């Protein structure tokens, strides 16, 4: 397994902590996953690494995020993922500063204000996303 930073929990620690939060035994988890209780013990002690399908079953059984569990089990996989997406705030700042874009799309003050509120939700990652939302707003207003 790849090295973890000292402040990161291991897969086993996450599984054990969550199982205890849910007040479940290793046997109960193993029944839900479809394996033996000693396999859960191996996973919790980081002595074994689960298969991809077991990661999915563990996520369902313990109500955990499957992708996060997968990255804990296979940390090298995260390096294969595309680079981190830009922060929503930086997308908003770039969009806000792009005056040519505002003129090209005839963005009104009201629309700009609505887009600023959307940006505060943190869901928008790129300037293109803002244009999509702008078109959606305009379409909704014409449908009324």
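Numbering (the working numbering), first residue to last: 83 to 226.
Think of the CB as a built atom: it goes at the ideal place given N, C-alpha and C, for glycine as much as any other residue.
Quick caveat, the model's predicted, so the values are computed rather than measured.
query: Leaving out the 5 sequence neighbours to the left and right, which residues in its chain are closer than 7 angstroms to residue 176 when beta-carbon positions are compared?
result: 209
- request: With DSSP as the reference, label residue 135 as helix, strand or coil.
  value: Of the three classes helix, strand and coil, the one that applies to residue 135 here is helix, per DSSP.
- request: With DSSP collapsed to three states, give me the class of residue 97.
  value: helix
8 angstroms Cβ shell around residue 154 - same chain, five flanking residues per side excluded: Within the same chain, Cβ atoms closer than 8 angstroms to the Cβ of residue 154 are found at 91, 92, 93, 96, the five residues on either side in sequence being excluded.
field: CA-to-CA distance, residue 224 to residue 198, given in whole angstroms
entry: 21 angstroms
6 angstroms CB neighbourhood of residue 174 in its chain, flanking five on each side removed: 201
message: Would you call the stretch 139 to 155 in contact with the stretch 104 to 123, where contact means no fewer than 3 C-beta pairs closer than 8 angstroms?
response: yes
query: Would residue 104 be called buried (16 or more neighbouring beta carbons within 10 Å of its own) or exposed?
result: By the neighbour-count rule (16 or more Cβ atoms within 10 Å), residue 104 is not buried but exposed.
task: Go through its chain and collect everything with a Cβ distance to residue 220's Cβ below 8 angstroms, but skip five positions before and after it.
output: 193
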